[in-house]
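As you go down the protein sequences, you meet chains A and B in turn. Numbered according to numbering that gives the first Met the number 0, the first sequence terminates at residue 281, and the numbering increases by one at each position without gaps. Numbered according to numbering that gives the first Met the number 0, the second sequence terminates at residue 281, and the numbering increases by one at each position without gaps. Report on the structure given below.
2 protein chains.
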Amino acid sequence: MKEHARQARAEGRILGLVPTMGALHEGHLSLVQRAKRECSAVFASIFVNPKQFGPTEDLAKYPRSFEADTSKLAAAGVEAVFVPEPGEMYPAGFSTYVNVEGPSDRLEGRSRPGHFRGVTTVVLKLLQIAQPHFAYFGRKDAQQARIIQQMVRDLNLDSEIVVSPIVRESDGLAMSSRNAYLSPDERKAATVLYQALDTARRELHRGVRDALELQSAMRRVLEAERLASVDYAEIVDAETFEPVLRVSRASYAVLAVFLGTTRLIDNLYMDFGEGEAPLAQL
Amino acid sequence: MKEHARQARAEGRILGLVPTMGALHEGHLSLVQRAKRECSAVFASIFVNPKQFGPTEDLAKYPRSFEADTSKLAAAGVEAVFVPEPGEMYPAGFSTYVNVEGPSDRLEGRSRPGHFRGVTTVVLKLLQIAQPHFAYFGRKDAQQARIIQQMVRDLNLDSEIVVSPIVRESDGLAMSSRNAYLSPDERKAATVLYQALDTARRELHRGVRDALELQSAMRRVLEAERLASVDYAEIVDAETFEPVLRVSRASYAVLAVFLGTTRLIDNLYMDFGEGEAPLAQL
Numbered sequence: 000m001k002e003h004a005r006q007a008r009a010e011g012r013i014l015g016l017v018p019t020m021g022a023l024h025e026g027h028l029s030l031v032q033r034a035k036r037e038c039s040a041v042f043a044s045i046f047v048n049p050k051q052f053g054p055t056e057d058l059a060k061y062p063r064s065f066e067a068d069t070s071k072l073a074a075a076g077v078e079a080v081f082v083p084e085p086g087e088m089y090p091a092g093f094s095t096y097v098n099v100e101g102p103s104d105r106l107e108g109r110s111r112p113g114h115f116r117g118v119t120t121v122v123l124k125l126l127q128i129a130q131p132h133f134a135y136f137g138r139k140d141a142q143q144a145r146i147i148q149q150m151v152r153d154l155n156l157d158s159e160i161v162v163s164p165i166v167r168e169s170d171g172l173a174m175s176s177r178n179a180y181l182s183p184d185e186r187k188a189a190t191v192l193y194q195a196l197d198t199a200r201r202e203l204h205r206g207v208r209d210a211l212e213l214q215s216a217m218r219r220v221l222e223a224e225r226l227a228s229v230d231y232a233e234i235v236d237a238e239t240f241e242p243v244l245r246v247s248r249a250s251y252a253v254l255a256v257f258l259g260t261t262r263l264i265d266n267l268y269m270d271f272g273e274g275e276a277p278l279a280q281l
Numbered sequence: 000m001k002e003h004a005r006q007a008r009a010e011g012r013i014l015g016l017v018p019t020m021g022a023l024h025e026g027h028l029s030l031v032q033r034a035k036r037e038c039s040a041v042f043a044s045i046f047v048n049p050k051q052f053g054p055t056e057d058l059a060k061y062p063r064s065f066e067a068d069t070s071k072l073a074a075a076g077v078e079a080v081f082v083p084e085p086g087e088m089y090p091a092g093f094s095t096y097v098n099v100e101g102p103s104d105r106l107e108g109r110s111r112p113g114h115f116r117g118v119t120t121v122v123l124k125l126l127q128i129a130q131p132h133f134a135y136f137g138r139k140d141a142q143q144a145r146i147i148q149q150m151v152r153d154l155n156l157d158s159e160i161v162v163s164p165i166v167r168e169s170d171g172l173a174m175s176s177r178n179a180y181l182s183p184d185e186r187k188a189a190t191v192l193y194q195a196l197d198t199a200r201r202e203l204h205r206g207v208r209d210a211l212e213l214q215s216a217m218r219r220v221l222e223a224e225r226l227a228s229v230d231y232a233e234i235v236d237a238e239t240f241e242p243v244l245r246v247s248r249a250s251y252a253v254l255a256v257f258l259g260t261t262r263l264i265d266n267l268y269m270d271f272g273e274g275e276a277p278l279a280q281l
């Protein structure tokens, strides 16, 4: 992969990388499509990174669909797919970790200790191996994208991180490989994340700026769903992921909700453009 | 610097980087000379990295001799010198650190908590900025060199770490920018590090392999010097920097010794070649 990337760079091509854990859905493919528009050589990686799973998490049962994934990537025009074994990425004696202190300890980081250390370490490795000019991530994992952007800035890495919109099912559920875990009843109930965020969006458009008020509105929707159990529902600054009291600059409403044993996340991006009306992106 | 390096790489040149904290001596210049032999473009950096100094250490008084340094580097044929300000390397909000767990906690790492985290973080940044094919480090900081090599391997970095022999004064004292702190009496006494290591070397050639015996021989020499106070004097594995019981594979005798308030380090590399006689490099 490194040799291939080096050669493509030497030929003056613009390289794009779409790092994935496989189990590809329309969200991933939207990243590939964007990369195809913006780059002249698009690579993808498929690696279910053990370092970003906690000891009690779903590493073993994480969905794997290698044949289907590579077919989709080939059909979408990906030129090379990097599929390392865990032992290649983490050989015996591996002991180096990259950590973005601060934002890695909140929200996803608090619920999943060590998660972001695993993410930043593997993403740094993938960027060194594939040497992309642009690397593409989905906004569903907004905190992850923010942390990776911070790492790239702090460590002077030679890649630009591109964050693409959330792709949703027709009923609003954000695409996620983990949706495959849901029972039919849980799948129906899972739209409650979208509904809660949509409620916050409507409140924002009604002029509500108080974070607690927006949070309460989301919680009321979530708590009305018997199958859902809230991990967090917060309004945070889009840079620091620290809680805000009022939505007065770029912020996220972020949710993590259990449906049975399946943990789903979703978010609403809120910002203020030139005019008075807030910009709210689901 | 990044643009200059990118262009030099695009021209097919082989890039060498000599990262320094300035206050250059013959040890640094031997690295430049080696880089000149092995590369077609040699860069140096001068940056007194605040992140690798502890709160009670000598950051403020660390010797700075910018004019003399740049003259020496120019005379030695260095093509570009990268001299960032602390605020450029660590802008407001900087929060990403690279850590090699394990070897970073022993010896220098135990005496100087956080030191190696600062070293690996700044070296990763310098490697990303200057993009060298080869980066040159002195063997006086053997543990540092080993930790940086581990980082490069673990993170798939695109640079090779070259470790060069220790350069010594005529009486054996290893060259170090910190030697400038020594009073005339301390300077005379400082040769005790070399003498202790030379004693270990002679014991090794006499057939001694027991680590405690070699350690005791070194301590006897060090403790006979009234101005010296031992921080550590150990025999360690050259890969892991864990203590060994017997010298049976590549190992170091490593010393850290205070002369007054000045802390000096030095080491002896021990290995076994094809024959029976051990290889011992001071």
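Glycine residues also receive a C-beta, built at the ideal position from the N, C-alpha and C atoms.
From the options, residue whose alpha carbon lies closest to that of residue i
i: ARG116(B); options: VAL97(B), ALA134(B) and LEU125(B); result: VAL97(B)
i: SER110(A); options: LEU263(A), ARG218(A) and ASP236(A); result: LEU263(A)
i: GLY108(A); options: PRO277(A), GLY259(A) and GLU241(A); result: GLU241(A)
i: TYR251(B); options: THR261(B), SER39(B), HIS132(B) and ALA279(B); result: ALA279(B)
i: ARG33(B); options: PRO102(B), PHE133(B) and PRO112(B); result: PHE133(B)
i: ASP153(B); options: VAL220(A), GLN214(A), PRO90(A) and SER175(A); result: PRO90(A)
i: GLU337(B); options: GLN149(B), VAL191(B) and ASN155(B); result: In the structure as shown, chain B starts at 0 and stops at 281, and residue 337(B) therefore has no counterpart that could be examined.
i: PRO54(A); options: GLY171(A), VAL77(A) and PRO112(A); result: PRO112(A)
i: GLU87(B); options: ALA276(A), ALA216(A), GLU37(A) and ASN155(A); result: ASN155(A)
i: ARG105(A); options: PHE81(A), ARG145(A) and PRO18(A); result: ARG145(A)
i: SER39(B); options: GLU66(B), GLU78(B), ALA249(B) and GLN149(B); result: GLU78(B)
i: ARG36(B); options: MET20(B), GLU10(B), ALA75(B) and ASP68(B); result: ALA75(B)
i: PHE271(A); options: PRO102(A), PRO85(A) and ARG208(A); result: ARG208(A)
i: GLU84(B); options: VAL99(B), MET20(B) and ALA67(B); result: MET20(B)
i: PRO183(A); options: GLY11(A), ALA249(A) and LEU258(A); result: LEU258(A)
i: GLU100(B); options: THR239(B), VAL243(B) and LEU244(B); result: THR239(B)
i: ALA199(B); options: LYS187(B), ARG218(B) and ARG186(B); result: ARG218(B)
i: PRO18(B); options: ALA9(B), ARG12(B), GLU10(B) and ASP68(B); result: ASP68(B)
i: VAL118(A); options: PHE52(A), SER175(A) and ALA223(A); result: PHE52(A)
Contact set between residue i and chain B, taken where Cβ atoms lie within less than 7 Å
i: GLN149(A); result: SER94 and THR95
Chain-ordered chain A contacts of residue i [CB-CB under 9 Å]
i: VAL99(B); result: SER94, THR95 and TYR96
Proximal residues of chain A, C-beta to C-beta of residue i below 8 Å
i: GLN127(B); result: LEU154, ASN155, LEU156 and ASP157
Chain-ordered chain A contacts of residue i [CB-CB under 7 Å]
i: LEU123(B); result: LEU154
Rounded Cβ spacing between residue i and residue j (contact assumed at less than 8 Å)
i: ALA141(B); j: ASN266(B); result: 5 Å
i: GLN127(A); j: PHE136(A); result: No, GLN127(A) and PHE136(A) are not in contact; Cβ-Cβ is about 17 Å, not under 8 Å.
i: LEU281(B); j: ASP230(B); result: About 20 Å separates the two Cβ atoms, so there is no contact after all.
i: VAL334(B); j: ALA227(B); result: The first residue shown for chain B is 0 and the last is 281, placing residue 334(B) beyond what the model contains.
i: ALA22(A); j: SER64(A); result: 6 Å
i: ALA210(B); j: VAL246(B); result: 6 Å
i: ILE147(A); j: VAL121(A); result: That belief does not hold up - the Cβ atoms of ILE147(A) and VAL121(A) are roughly 10 Å apart, past 8 Å.
i: ALA43(A); j: LEU72(A); result: 5 Å
i: ARG177(B); j: THR260(B); result: Actually they do not touch by this definition, with Cβ atoms about 10 Å apart.
i: ALA173(B); j: LYS139(B); result: 5 Å
i: GLU25(A); j: VAL166(A); result: 5 Å
i: PRO277(A); j: LEU203(A); result: 5 Å
i: ALA237(B); j: LEU221(B); result: Rounded, the Cβ-Cβ distance is 22 Å, inconsistent with contact.
i: LEU16(B); j: PRO131(B); result: 4 Å
i: ALA129(A); j: PHE81(A); result: 6 Å
Handout entry: Given 8 Å, three or more beta-carbon pairs between the region 146-159 of chain B and the region 44-64 of chain B
Key = As far as the Cβ criterion goes, the region 146-159 of chain B does not touch the region 44-64 of chain B, which means the pair count is below three.
Handout entry: Residues from the region 235-269 of chain A in contact with chain B, defined by Cβ distance under 7 Å
Key = Contacts with chain B (Cβ-Cβ distance below 7 Å) from the region 235-269 of chain A involve no residue at all.
Problem - Touch test, the region 56-72 of chain B against the region 87-94 of chain B, Cβ-Cβ under 8 Å, three pairs minimum - result: At 8 Å Cβ cutoff, the stretches do not touch.
Exercise for the section: Evaluate the contact criterion for the region 0-7 of chain A versus the region 28-38 of chain A: three or more CB pairs, one atom per stretch, below 8 Å. Expected result: Taking a cut-off of 8 Å on C-beta distances, the region 0-7 of chain A does not touch the region 28-38 of chain A, as fewer than three cross pairs fall below it.
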